[in-house]
Amino acid sequence: MTGAQSASTPDGLLVVESAEKHFGGVAAVSDFSMSVPAGSVAGLMGPNGAGKTTLVNLISGLLHADAGVIRFAGHDIQRLPAHEIAALGIARTYQNVRLFAGMTVLEQVMAGSFLRRGTTLWASFLGLPKARAARKALEAEAIALLDRVNLTHRAHVLAETLSYGEQRRVEIARALGSAPRLLLLDEPTAGMNAQESSEIGELTHRLRDGGLTVLMVEHNVRLVREFCDAVTVMNFGRLLAKGRPAECIEHPDVQAAYFGKRADAERIRSLR
Ligand SMILES: Nc1ncnc2c1ncn2[C@@H]1O[C@H](COP(=O)(O)OP(=O)(O)O)[C@@H](O)[C@H]1O
Ligand SMILES: [Mg+2]
-16 MTGAQSASTP
-6 DGLLVVESAE
4 KHFGGVAAVS
14 DFSMSVPAGS
24 VAGLMGPNGA
34 GKTTLVNLIS
44 GLLHADAGVI
54 RFAGHDIQRL
64 PAHEIAALGI
74 ARTYQNVRLF
84 AGMTVLEQVM
94 AGSFLRRGTT
104 LWASFLGLPK
114 ARAARKALEA
124 EAIALLDRVN
134 LTHRAHVLAE
144 TLSYGEQRRV
154 EIARALGSAP
164 RLLLLDEPTA
174 GMNAQESSEI
184 GELTHRLRDG
194 GLTVLMVEHN
204 VRLVREFCDA
214 VTVMNFGRLL
224 AKGRPAECIE
234 HPDVQAAYFG
244 KRADAERIRS
254 LR
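For the sequence shown, the numbering used here assigns the number -16 to the initial residue and increments by one for each residue that follows.
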């Protein structure tokens, strides 16, 4: 990509320019740029260790870039603390499911709202009369969030009894509680079967059609092809390819970097 091309590219809702993040001698993210247009489902692919989670951490403010620019909706966010970035409208889920032990599905989602809004609402858990209405309102809001991920029928069971796919959807409901404009999903379908994965894909489309922008770290090539409007591929912290999913996935560099090991394995198998 030349400077002239990048200058003529319309600004995305999220813009990353020449981001750098080093851990000791490892360049986890290196001279990396990408743009996510508003109202799209963007995919982020790359082999293990490519720097995808580090990038999500930089965007969500869990880590700060050593250099480069990260802009969201016109704000420079690369130096902001995570809670300010969240307040601007970025929410995320994590590569590993993070749910609270011993809580129902509804409580998981309500707890997300408590944590965001601070201590005043703790009074409602203590049962103070004035706070009862606030708790009811919060509960209604949590039910509405669960409805967005098709989980209202599971509201009152312990979250740990849910399938892996359902637990991921609880996390997404919790993330939606902050009314984000951009949702970052780090490997949302890891460990899921084909049916559960497709449900996540369909969910990203429903969210997009409701006005949200989604950036999804995704290994499942079928899902990227079927559900992502565009994809960016990272390798060793750097940009390897970007564009339409079908073209990107077929790109020889992507095939070599991303499927190299599998291709080797298949060749070795075919030689047996
Ligand atoms: N907190 C950290 N401390 C040290 N090294 C890290 C840390 N996080 C990630 N790395 C390293 O940065 C590189 C990119 O990791 P990561 O962003 O998790 O990749 P991906 O999500 O694409 O698998 C890897 O080499 C990883 O070991
Ligand atoms: Mg990762």
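Even glycine gets a Cβ: it sits at the ideal position worked out from N, Cα and C. Note that this is a predicted model, so its numbers are computed, not measured.
Residue i - containing alpha helix (DSSP H), residue span
i: Asp49; result: No alpha helix (DSSP H) holds Asp49; DSSP gives it neither H nor E.
i: Asp192; result: 177 to 192
i: Arg159; result: It is Leu, not Arg, that sits at residue 159 in the sequence shown. That run of the alpha helix (DSSP H) goes 147 to 159.
i: Val197; result: Segment 196 to 200 is the beta strand (DSSP E) holding Val197; no alpha helix (DSSP H) there.
i: Leu141; result: Careful: Leu141 lies outside any alpha helix (DSSP H) and carries neither H nor E.
i: Leu206; result: 204 to 210
Contact test: residue i Cβ vs ligand 1 heavy atom, cutoff 6 Å
i: Phe97; result: no
i: Val9; result: yes
i: Gly26; result: no
i: Leu32; result: This sequence places Gly at residue 32; Leu is not what is there. Correct: Gly32 has its Cβ closer than 6 Å to ligand 1.
i: Gly(-5); result: no
i: Phe6; result: yes
i: Gly174; result: no
i: Gly243; result: no
i: Ala51; result: A small correction: the amino acid at residue 51 is Gly; Ala does not occupy that position in the sequence shown. No - ligand 1 has no heavy atom lying nearer than 6 Å to the Cβ of Gly51.
i: Gly29; result: yes
Buried or exposed (CB count within 10 angstroms, at least 16 for buried), residue i
i: Lys119; result: exposed
i: Gln150; result: buried
i: Ile42; result: buried
i: Arg205; result: exposed
i: Gln(-12); result: Residue confidence is low: Gln(-12) scores 39 on pLDDT, short of 50, so the model does not pin down where it sits. Its coordinate-derived value is still stated next. That one is exposed.
i: Tyr241; result: buried
i: Ser180; result: buried
i: Ser(-9); result: Because the pLDDT of Ser(-9) is 37, which lies under 50, any placement of that residue in the model is unreliable, and the question is left without a value.
i: Gln178; result: exposed
i: Glu201; result: buried
i: Glu143; result: exposed
i: Glu230; result: exposed
i: Gly95; result: buried
i: Val24; result: buried
i: Arg115; result: exposed
i: Gly243; result: exposed
i: Asn176; result: exposed
Residue i beta carbon near ligand 2 (any heavy atom closer than 6 Å)
i: Lys35; result: yes
i: Gln78; result: yes
Where the beta strand (DSSP E) containing residue i begins and where it ends
i: Ala213; result: 213 to 218
i: Leu222; result: 221 to 226
i: Val(-2); result: -3 to 6
i: Leu167; result: 165 to 169
Nearest-angstrom Cβ-Cβ length linking residue i and residue j, presumed shorter than 8 Å
i: Val39; j: Leu167; result: 5 Å
i: Val88; j: Leu145; result: 7 Å
i: Glu170; j: Gln238; result: Glu170 to Gln238, Cβ: 21 Å. No contact.
i: Gly22; j: Arg191; result: 6 Å
i: Leu(-4); j: Pro20; result: 7 Å
i: Ser16; j: Leu222; result: 6 Å
i: Leu82; j: Glu182; result: Actually they are not in contact, since the Cβ atoms of Leu82 and Glu182 sit about 18 Å apart, beyond 8 Å.
i: Leu45; j: Phe55; result: Contact doesn't hold; Cβ gap of about 15 Å is too wide.
i: Leu128; j: Ala156; result: 4 Å
Uninterrupted alpha helix (DSSP H) stretches inside the segment 15 to 100 (no shorter than 4 residues): Correct list: 35 to 43, 65 to 71, 88 to 100.
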